[in-house]
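Chains as they are written, first to last, in our numbering: chain A, 1 to 160; chain B, 1 to 160.
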DNA sequence: CAATCGCTGTCATATTATGCCAAATCTGAA
DNA sequence: TTCAGATTTGGCATAATATGACAGCGATTG
């Protein structure tokens, strides 16, 4: 559903800000071949159009003592009644859940969870996850090693 | 493996920059209750210590015409020889793969893939994924709806 | 108590962000 | 091709920010 036409310069801007969101506007303008003024104007337009959703620092989990990443597949009762909404709300309110998707396949929901260690995960699993509304099955897959994470979107492979 | 002790102000800084990486240093300093000078110094220290890994713009995928997110579980032959390394390198070079983890459980690797649509995914699956070195099985789970994505890390739940 | 270490706030200066406006470029029609 | 209208750009002036030097404050240690 693209609402905005992006030209080559816009794509350069997006690629640059994906790579480093703290570039100054002067640096960014230089990189994409514009003067600062129109460059900043394009960035503002991209922000207001929602193409740029936000800017976030990416933190080192293990350095912060959050050493365990778990991918959790959850099955819930056939969707009807208030259970699905309740499940959604509960997941939204869990700070340990950093991503949650409704997916096709074996599981209904796929969650990415970040905690300190196995003990913390056990607590979360037994104390919260298993008690979420409508849950019938949970499979936990632990991330053993991360090869890639939050890589930039493939802007070089945009359609059109 | 925390190498650095973080105090309450450091955590506030991290939380703020996770939420909005384009805060000016003046705004950030005000938010965490410091003057700009020591605030900037702390940010630099956090960057150099690797606690802050980078700053990235988060882009709206559907707005960019990248409407399909797929979670792909891949099994590979029992790890030995050059196959694992070759697999890793191949995955690293695929821009459509925005995340890849070695995981426990059914699959060996869990990939997150972003493409324009089903046709693009079919092409990637048949043309590339199935031909990756050592692959014995692939299961594709399509994201139907995203409830949460790239949520901030749970800094309020740090150990210690 | 005195010395030291770490961290803070203040201040001056270099850089940057931002809005305005004229010039340049593009588009479509005659 | 030429021209008018619409869009976008670059330059400039001003306000805001980043950055580094420096002195002061507070905690710790001997």
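Here a beta-carbon is modelled for each residue, glycine too, at the ideal position from N, C-alpha and C.
Its Cα nearest to that of residue 111 of chain B, the residue A:71 stands out among A:136, A:17, A:47, A:71. When CB distances to chain A are screened at a threshold of 8 Å, the residues of the region 46 to 59 of chain B falling below it are 49, 50, 51, 52, 53, 54, 55, 56, 57, 58, 59, in chain order.
For residue 17 of chain B, the number of other beta carbons within 10 angstroms of its own is at least 16, and it is reported as buried. Restricting attention to A:5, A:24, A:76, A:103, the CA atom closest to the CA of residue 133 of chain A is found in A:76. For residue 96 of chain A, the neighbours in chain B by C-beta distance under 7 Å run, in chain order, 154, 157. Assignment of beta-bridge partners to residue 112 of chain B by DSSP yields B:71, B:99.
Secondary structure of residue 6 of chain A (DSSP, three-state): coil. A distance of 7 Å or more separates the beta carbons of residue 149 of chain B and residue 21 of chain A.
Between the region 50 to 63 of chain B and the region 48 to 57 of chain A, the count of Cβ pairs shorter than 8 Å is three or higher; the stretches touch. Excluding its 5 nearest sequence neighbours in each direction, residue 137 of chain B has C-beta neighbours in its own chain below 6 Å: 75, listed in chain order. A straight-line Cα-Cα distance of about 21 Å links residue 117 of chain A and residue 14 of chain B.
Excluding five sequence positions before and after residue 86 of chain B, the CB atoms of its chain that fall closer than 6 Å to its own CB belong to 133, given in chain order. If one requires a minimum length of 4 residues, the alpha helix (DSSP H) runs lying completely within the region 10 to 64 of chain A are 25 to 32, 36 to 48, in chain order. Within the same chain, 11, 14, 15 come within 7 Å of residue 155 of chain B by CB-CB distance, once the 5 residues on both sides are set aside. If the five residues before and after residue 25 of chain B are omitted, its C-beta is found closer than 8 Å to the C-beta atoms of 36, 39, 40, 43, all from its own chain and listed in chain order. Residue 28 of chain A and residue 46 of chain A have their alpha carbons spaced roughly 14 Å apart.
At a Cβ-Cβ threshold of 7 Å, residue 83 of chain A and residue 103 of chain B do not count as neighbours. When Cβ-Cβ separations below 7 Å define contact, residue 144 of chain A makes contact with chain B. Counting along the chain, residue 120 of chain A sits inside the alpha helix (DSSP H) bounded by residues 118 to 127.
Bridge pairing for residue 145 of chain B: A:102 [DSSP].
The criterion of a C-beta distance shorter than 7 Å is satisfied by residue 97 of chain A and residue 113 of chain A. Taking a beta-carbon distance threshold of 7 Å, residue 116 of chain A counts as an interface residue toward chain B. The continuous stretches of alpha helix (DSSP H) do not include residue 107 of chain B, and DSSP gives it neither H nor E. According to the DSSP assignment, residue 88 of chain A belongs to the alpha helix (DSSP H) that extends over 83 to 92. With respect to chain B, the C-beta atom of residue 35 of chain A has no partner C-beta closer than 7 Å.
Take residue 65 of chain B, set aside five residues on each side of it, and the residues of its chain with a beta-carbon closer than 6 Å to its own are 116, in chain order. Around the beta carbon of residue 107 of chain B, 16 or more other beta carbons lie within 10 angstroms, which makes this residue buried. Distance between residue 147 of chain A and residue 135 of chain B, taken at the CA atoms: about 17 Å.
Here residue 73 of chain B is buried. Its C-beta has 16 or more other C-beta atoms within 10 Å.
Relative to residue 141 of chain B, the option among B:69, B:123, B:159, B:63 whose CA is nearest is B:69. Within the DSSP secondary-structure output, residue 139 of chain B pairs in a beta bridge with B:73.
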